[in-house]
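Chains as they are written, first to last, in my numbering: chain S, 1 to 157; chain A, 1001 to 1372.
Note that the Cβ used here is the ideal one computed from N, Cα and C, for glycine as well.
Encoded as structure tokens, the structure appears first; notes follow it.
See below:
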């Protein structure tokens, strides 16, 4: 199925939850409501004509000027060989989105990484800890307004 | 078997441990020799590459990609160059494409040689490691000829390759192609079909195809589970669609499909195929430019792309958001080893500690690309 058809299938199934279709990205993206993400993902994985077998990647993005955070899910299907990106837009001051760990267990680490670097909270995540940085690190380094620390423990940076 | 809590002991494997293939720490809950749970701790090599990317221009970031998977720097350079070129929409000269494929495949061989060697030394056989290093030395010499470096090449650039090949490179490569394939038989005689080695790996840590997909495992580890998925074939980049090569998949020759031995053997089969690809590329060689015309001050048109390439360890992807300036707005690196390592806790419930070493070795992870 091409991206346009996937978008149409989704908007028929989840009326009102699908916000936008962006054709000029590669792969094409579908912007969806953040609280519907788990339903949408399990639908995408289960449905035989879509069968998104794997979550290729999950990235956080900080859109500081628009006051938004994005989470982008790149999904791919081994059987049908199609790809799509799902996007959810979150409030930058309180970024929250349900975890898709139950759909693709591999999402666990990716979500921990987005939490670690952007401070995006994945609700109901089984193990939401920092993954790349030390547990006592302060702040969310990949945010655009991150202030570099002068000191870490006893070290001058 | 019922076990009481007092019998568990916490054991740290790493961060400084030869079998963790870098600075990886595994916290193991053990019941005697049996592992009950493994928790990986990563991040010891975190250099904030994604943050650095946002502060550098596009060409300036190329040498940083060398430091992702340092055993396959050419492939990392290549994936990054492909990503930026996707937004730039430029035509890569034919000669540059052929050179890129040659370098990528030679680097795949040298990376798999380390995978082969380090797994063997993990299993207690040191000689094969030296065999692997010996052949890799030949490839390092070839790379030194083209770019002067033996580890971090910075050779594949946005638009093509850094410089044309020197005289004698083709002859030396042909010499390697005559020298190398017979060595594979030597590896098989020495290690692959060695009874002790098979006993250590067959039926260990079987990854089912469903699990492999759920956890995003890619590359030889995915193919070992019986799924024929290779981006060189599925989403051909450069000129891979013109080349004739096979994609080996796990068949469970010594045990079950997707066991550690299958994962090991994928690398051996792939080295044969890569040698075959390089030979074809040499026959296709033609004169021409080695790099397309790329402006000195490179402004990349605004847009969003996710581009991926088949690295020795699996799918390396770059998710790039450009705002039209000279620097990336966001560059997310999707590293194959990150996903490949995330399946370890799932695989290692109830295995012996010695088998845990086999699991890590057979997955062939590399830490700098996990920690970035």
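Reference residue i, options the options, closest by Cα
i, options, result
"residue 1249 (chain A)", "A:1142, A:1258, A:1243 and A:1241", "A:1258"
"residue 1049 (chain A)", "A:1069, A:1037 and A:1032", "A:1069"
"residue 1016 (chain A)", "A:1006, A:1044, A:1038 and A:1031", "A:1044"
"residue 1302 (chain A)", "A:1086, A:1109 and A:1037", "A:1086"
"residue 1039 (chain A)", "A:1027, A:1200 and A:1046", "A:1027"
"residue 1120 (chain A)", "A:1268, A:1217, A:1212 and A:1141", "A:1268"
"residue 1329 (chain A)", "S:65, S:126 and S:90", "S:65"
"residue 50 (chain S)", "S:141, S:120 and S:6", "S:6"
"residue 1319 (chain A)", "S:147, S:56 and S:67", "S:56"
"residue 94 (chain S)", "S:105, S:79, S:123 and S:109", "S:123"
"residue 1228 (chain A)", "S:90, S:79 and S:37", "S:79"
C-beta atoms of residue i and residue j nearer than 8 Å
i, j, result
"residue 1161 (chain A)", "residue 1291 (chain A)", "yes"
"residue 143 (chain S)", "residue 137 (chain S)", "no"
"residue 1309 (chain A)", "residue 1231 (chain A)", "yes"
"residue 1266 (chain A)", "residue 1336 (chain A)", "no"
"residue 1025 (chain A)", "residue 1372 (chain A)", "no"
"residue 1353 (chain A)", "residue 1042 (chain A)", "no"
"residue 35 (chain S)", "residue 98 (chain S)", "yes"
"residue 1278 (chain A)", "residue 1105 (chain A)", "yes"
"residue 1156 (chain A)", "residue 1239 (chain A)", "no"
"residue 58 (chain S)", "residue 114 (chain S)", "yes"
"residue 1135 (chain A)", "residue 1327 (chain A)", "no"
"residue 1355 (chain A)", "residue 1093 (chain A)", "no"
"residue 85 (chain S)", "residue 29 (chain S)", "yes"
"residue 1158 (chain A)", "residue 1284 (chain A)", "no"
"residue 128 (chain S)", "residue 112 (chain S)", "yes"
"residue 1211 (chain A)", "residue 1343 (chain A)", "yes"
"residue 116 (chain S)", "residue 133 (chain S)", "yes"
"residue 101 (chain S)", "residue 125 (chain S)", "yes"
"residue 1280 (chain A)", "residue 1243 (chain A)", "yes"
"residue 1314 (chain A)", "residue 1177 (chain A)", "no"
"residue 103 (chain S)", "residue 45 (chain S)", "yes"
"residue 1076 (chain A)", "residue 1065 (chain A)", "yes"
"residue 1340 (chain A)", "residue 1363 (chain A)", "yes"
"residue 1078 (chain A)", "residue 1100 (chain A)", "yes"
Beta-bridge partners of residue i, as assigned by DSSP
i, result
"residue 155 (chain S)", "S:152"
"residue 22 (chain S)", "S:29"
"residue 1012 (chain A)", "A:1027"
"residue 1352 (chain A)", "A:1034"
"residue 1173 (chain A)", "Looking at the DSSP assignment, residue 1173 (chain A) forms no beta bridge with any residue, so it has no partner."
"residue 1041 (chain A)", "A:1025"
"residue 1304 (chain A)", "A:1321"
"residue 70 (chain S)", "S:61 and S:89"
"residue 1311 (chain A)", "A:1314"
"residue 1331 (chain A)", "A:1320"
"residue 123 (chain S)", "S:98"
"residue 1346 (chain A)", "Per DSSP, none; premise fails for residue 1346 (chain A)."
"residue 144 (chain S)", "Paired residue(s): none; residue 144 (chain S) is not in a bridge."
"residue 133 (chain S)", "Paired residues: none, contrary to the question."
"residue 1156 (chain A)", "A:1161"
"residue 75 (chain S)", "S:55 and S:84"
Reduced DSSP secondary structure (H/G/I, E/B, other) of residue i
i, result
"residue 61 (chain S)", "strand"
"residue 1057 (chain A)", "coil"
"residue 1070 (chain A)", "helix"
"residue 47 (chain S)", "coil"
"residue 164 (chain S)", "With chain S running from 1 to 157 in the structure shown, residue 164 (chain S) is simply not present."
"residue 1103 (chain A)", "helix"
"residue 1250 (chain A)", "coil"
"residue 1368 (chain A)", "helix"
"residue 83 (chain S)", "strand"
"residue 1265 (chain A)", "helix"
"residue 11 (chain S)", "helix"
"residue 1184 (chain A)", "helix"
"residue 1204 (chain A)", "coil"
"residue 1291 (chain A)", "strand"
"residue 1063 (chain A)", "helix"
"residue 979 (chain A)", "Here chain A covers residues 1001 to 1372 and nothing more, so residue 979 (chain A) does not appear."
"residue 1140 (chain A)", "helix"
| query | At a Cβ cut of 9 Å, what residues of the stretch 80-91 of chain S count as close to chain A, listed as they run along the chain? | reply | 81, 83 and 85
| Where the stretch 38-55 of chain S meets chain A: residues whose CB sits under 7 Å from a CB there | Per Cβ criterion, the list reads 53, 54 and 55.
| said: Along the stretch 127-153 of chain S, where does the CB come closer than 7 Å to a CB of chain A? Name the residues. | reply: 131, 132, 133, 141 and 142
| field | Short-range partners of chain S found in the stretch 1212-1227 of chain A, where Cβ spacing is below 7 Å | value | 1213, 1214, 1215, 1216 and 1227
| When Cβ atoms are compared, which residues of the stretch 1047-1080 of chain A fall closer than 9 Å to chain S? | 1048, 1050, 1051 and 1054
| According to a CB-to-CB cut-off of less than 9 Å, which residues of the stretch 1339-1354 of chain A neighbour chain S? | Against chain S - using a Cβ distance shorter than 9 Å - the residues of the stretch 1339-1354 of chain A are 1339, 1341, 1342, 1343 and 1346.
| query | Just by C-beta distance, which residues in the stretch 1243-1264 of chain A are closer than 8 Å to chain S? | reply | Those residues of the stretch 1243-1264 of chain A that come within reach of chain S (Cβ to Cβ, closer than 8 Å) do not exist; the list is empty.
| said: Against chain S, which members of the stretch 1297-1317 of chain A pass a CB distance test of less than 9 Å? | reply: 1303, 1304, 1305, 1306, 1307, 1308, 1315 and 1317
| task | With 9 Å as the C-beta to C-beta threshold (strictly closer), list the residues of the stretch 13-35 of chain S near chain A in chain order. | result | 22, 24, 25, 26, 27 and 29
| said: Residues of the stretch 1004-1017 of chain A in Cβ contact with chain S at a cutoff of 8 Å, in chain order, please. | reply: none
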